[in-house]
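Trainee: Structure incoming, see below.
Residue numbers (our numbering): 158 to 1044.
In structure tokens:
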């Protein structure tokens, strides 16, 4: 059936033919510096648009509404003018508004798009896929994004450009100066660029466009109009150097006897970032000894399933232009490149022995000695990315107790030493894509490598890891239909110990007792695998969207040295259809509804999962919204639940969610919702409740408070593996799991370049176990046949251990530790940021952190009081200054 459906999609695609659409155009004129006799000077960026140069060109207007009433006249009209000189592109907007007092002038950080704004998108490659976006709010806040793959907006791009706005009797104006060094274009004598301009009219939450676009376009950049009249442009090679200096003070509670934790540490550091234009369209980014002290801490999270938790990259060097190196293979965050591997927490440990009076000091992160990123797109359609980084050897220090005696009066007998905990490592990522077929198709490839200089007791790490792949995408019929594919391979090399640990890791679990297609080979010194994805569908045009596809990850696929892979040995298929309603009615502005079916197998052929899902979204006329969905999972088998044991069967599950939100333009807006999941026979449940407040009492101040509470009880949570009668015994327990977190963000903006930002999050997790049981038939449909519960005579609790007398012969057959625990964490950042000149900043940062444990029998209030309010926090004070030289 799956093959038949994909075949039908292919035949439909073969029958389609490409066609184009009419495009609007606007002509630009050149201005010259005053050193040319009789020349008109370039305009001054002051927001008034009174310079003589603006009279050289006519206003371009006739903006058309895009949302909500596509193709109609907007409530207020907008006009635009564009000029250029040897070094800059100038854009002027005239935004009419009958009552200027209703112009919303909210402030915010860069890239927050507050209040009323106008935006210009420039496809200077003229490739219908990429663009540079500049957004100007009426309050003077700048936002900028790099657009890739036709509609992927990346706000991590931070070019230098200049903006001034002004309110007058007719509405408001915006003047923009964009240095040509911030754009990429060819050296052709006469050029045509793609162009789009957008206005947000805040009062009606209305979008109007200069180039008219259908309600359901197949993409964004491909629908642009044209900017003509660019003659004699000389590409500007970018050269920016940005050194930084910082001073940092850490304070924390001193630890008696520890030579490393005396209550205070300090450091002084310096580093350098640089951006060098190698050609007019390829740029080299460099960083030496980078510091990311102003970056927010990761949110709190606990995983009981044994898998690594995925956290988003937040460091500016790696975030910027990350889309160039993106290579997803299907299934969540799995990717050949995961930049957080660079500078990761050291993977080794010391041999410090507390019983000998020894203390250890291990770095929290690996030092990045330097990194270079070469990226861009050439005029003939090549997208190129090359990233190289070297991280340092890291040592853990072992030192003796500073007191003359340790516990029980025994003398200190250890010895001081340094032990390597992370080797010198080189990371490489090379990426390329080539457009063809009039930019409607591309084919690309990627190669990554991680090479380590292993020393000491680090032979459990891979000596080398390589991944690579080929990807393609083909669009036809004005990009309405598409077909795309990805192929991936991997190879890791290391000692027998390293490769055996990889085989036994939760990502692979070759030791699974009921798996006939994989097994642990302790003599192997390498491992190679493959993965991939194929999808075909209708992505735009008209009211219906649909797609079908599959992805696979072979049992031997391994990406986690420089990428991210949650689980190998996975083969999935899916098909979905979506109906969009972008033409407003009397009761909604936009809506969409979708349905999807997906299945999962492993490479042994086991049928592990099927899921049916429906989803819906409605944006009502008053700008409130609802987001809802439900799923039915009649078949759920998991290969990883017993951590190397047989496949485990869960009871069938029903799942639903519902969220409601008020108008986000209001001073106070609220989003509230719940997620609910329930398995038959009360096997497991999940109840999640979220409440999000956003409050902006004045234009310069915004406050958000997000609170989330969840319960996840289960009768069969994995606890431990023991041995009974020379056979493995998989022990489970009923768990009462609760999570509470609150995230507070406060942003106060004195002006667009000076802001005070606060982030704080307490996170509490409790796991209380009871009703212990053990597996007897892991794939039985009925839970009572799947496990046996211990009787009161079989299980006793003594001194933190559960002792099991399974055969009731009066002796302990096996035991396991009390699995109950409570985790408490608080993280906060207070950042004063001042961009004193474009591209140059000063950060003053105060960070706090508390991590501890509590009693699972205490209430959340008691845990907060005892483990947060009554504990001394770790404090970090940091002053960082950067200066960007534009050469």
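Backbone N, C-alpha and C define an ideal beta-carbon position, used for all residues, glycine too. As the structure is a prediction and not an experimental result, all values here were calculated from the model.
1) According to DSSP, which residues form a beta bridge with residue 575?
2) In chain order, what residues of the same chain lie with their CB nearer than 6 Å to the CB of residue 576, ignoring the 5 residues before and after it?
3) Give every residue of the same chain whose Cβ lies closer than 7 Å to the Cβ of residue 525, excluding the five residues on either side of it in the sequence, and list them in chain order.
4) Since I believe residue 922 is in contact with residue 891 (beta carbons under 8 Å), could you give me their beta-carbon distance rounded to a whole number of angstroms?
5) Tell me the DSSP bridge mates of residue 408?
6) Under the three-state reduction of DSSP, which class applies to residue 714: helix, strand or coil?
7) Beta-carbon within less than 6 Å of residue 896's beta-carbon, same chain only, minus the 5 sequence neighbours each way: which residues are those?
8) Quick one: grab the DSSP three-state call for residue 478.
9) Check whether the Cβ atoms of residue 774 and residue 748 lie closer than 8 Å to each other.
10) Does the beta-carbon of residue 619 have 16 or more other beta-carbons within 10 angstroms, so that it is buried, or is it exposed?
11) By how many angstroms is the C-alpha of residue 223 removed from the C-alpha of residue 308?
12) Please list, in chain order, all residues of the same chain as residue 660 whose beta carbon is under 6 Å from its beta carbon, the five residues on each side excluded.
13) Bridge partners of residue 452, per DSSP?
14) For residue 433, which residues from the same chain have a beta carbon less than 6 Å from its beta carbon, with the 5 sequence-adjacent residues on both sides left out?
15) At the level of alpha carbons, what is the spacing between residue 918 and residue 663?
16) Is the distance from the Cβ of residue 197 to the Cβ of residue 209 below 8 Å?
17) Output the distance between the C-alpha atoms of residue 192 and residue 199, rounded to the nearest integer angstrom.
18) For residue 503, which residues of its own chain have a beta-carbon under 7 Å away from its beta-carbon, when the five flanking residues on both sides are left out?
19) Measure the alpha-carbon distance for residue 805 versus residue 799 and round it to whole angstroms.
20) Rounded to the nearest angstrom, what separates residue 463 and residue 854 at their Cα positions?
21) Report yes if the CB atom of residue 639 is closer than 8 Å to the CB atom of residue 696, and no otherwise.
22) I need the boundaries of the alpha helix (DSSP H) containing residue 658, first residue and last residue.
23) Assuming contact is defined by CB atoms lying nearer than 8 Å, are residue 686 and residue 708 in contact in what I supplied?
24) Name the one or two DSSP bridge partners that residue 186 has.
25) Does the segment 935-944 come close enough to the segment 471-483 that 3 or more CB-CB pairs lie under 8 Å?
26) Once DSSP output is grouped into helix, strand and coil, what is the label at residue 1027?
27) Kindly indicate which residue of 472, 761, 461, 955 has the alpha-carbon position closest to the one of residue 454.
28) Residues bridged to residue 586 by DSSP?
29) State the start and end residues of the unbroken alpha helix (DSSP H) segment that holds residue 940.
30) What ranges does the alpha helix (DSSP H) occupy inside the segment 482-548, keeping only unbroken runs of at least 4 residues that lie completely in it?
31) Kindly indicate which three-state DSSP category residue 232 falls into: helix, strand or coil?
32) When you compare only the Cα positions, how much space is there between residue 716 and residue 646?
33) Count the other CB atoms within 10 Å of the CB of residue 451; is the residue buried (16 or more) or exposed (fewer)?
34) Rounded to the nearest angstrom, what separates residue 1008 and residue 979 at their Cα positions?
35) Should residue 982 go down as buried or exposed, given a rule of 16 or more other Cβ atoms within 10 Å for buried?
36) Pick helix, strand or coil for residue 873, following the three-state DSSP scheme.
Mentor: So, from the listed chains and residues:
1) 554
2) Once the five neighbours on either side are set aside, the close Cβ partners of residue 576 are 507, 553.
3) 447, 499, 500, 546, 548
4) Their Cβ separation, rounded to whole angstroms, is 17 Å, which puts residue 891 and residue 922 out of contact at 8 Å.
5) 421, 1032
6) coil
7) Excluding sequence positions up to five before and after residue 896, its CB lies within less than 6 Å of the CB of 867, 922, all in the same chain and listed in chain order.
8) coil
9) yes
10) buried
11) Between residue 308 and residue 223, the C-alpha separation is close to 16 Å.
12) 667, 677
13) DSSP lists no partner for residue 452.
14) Annotation for residue 433: 396, 441 place their beta carbon closer than 6 Å to its own, counting only its chain and skipping 5 residues before and after.
15) Between residue 918 and residue 663, the C-alpha separation is close to 30 Å.
16) yes
17) Because the pLDDT of residue 192 is 44, which lies under 50, any placement of that residue in the model is unreliable, and the number read from its coordinates should be weighed accordingly. So the two alpha carbons sit approximately 11 Å from each other.
18) 519, 520, 523, 551, 578, 579
19) 7 Å
20) 44 Å
21) Residue 696 sits close to residue 639, with the two beta carbons spaced by under 8 Å.
22) 653-661
23) no
24) 240
25) The segment 471-483 is not in contact with the segment 935-944.
26) coil
27) When only C-alpha atoms are compared, the closest one is 472.
28) 544, 605
29) 940-943
30) none
31) coil
32) Cα to Cα, the separation comes out at about 9 Å.
33) By the 10 Å Cβ count, residue 451 comes out buried.
34) 11 Å
35) buried
36) Residue state for residue 873 is assigned as strand, using DSSP reduced to three classes.
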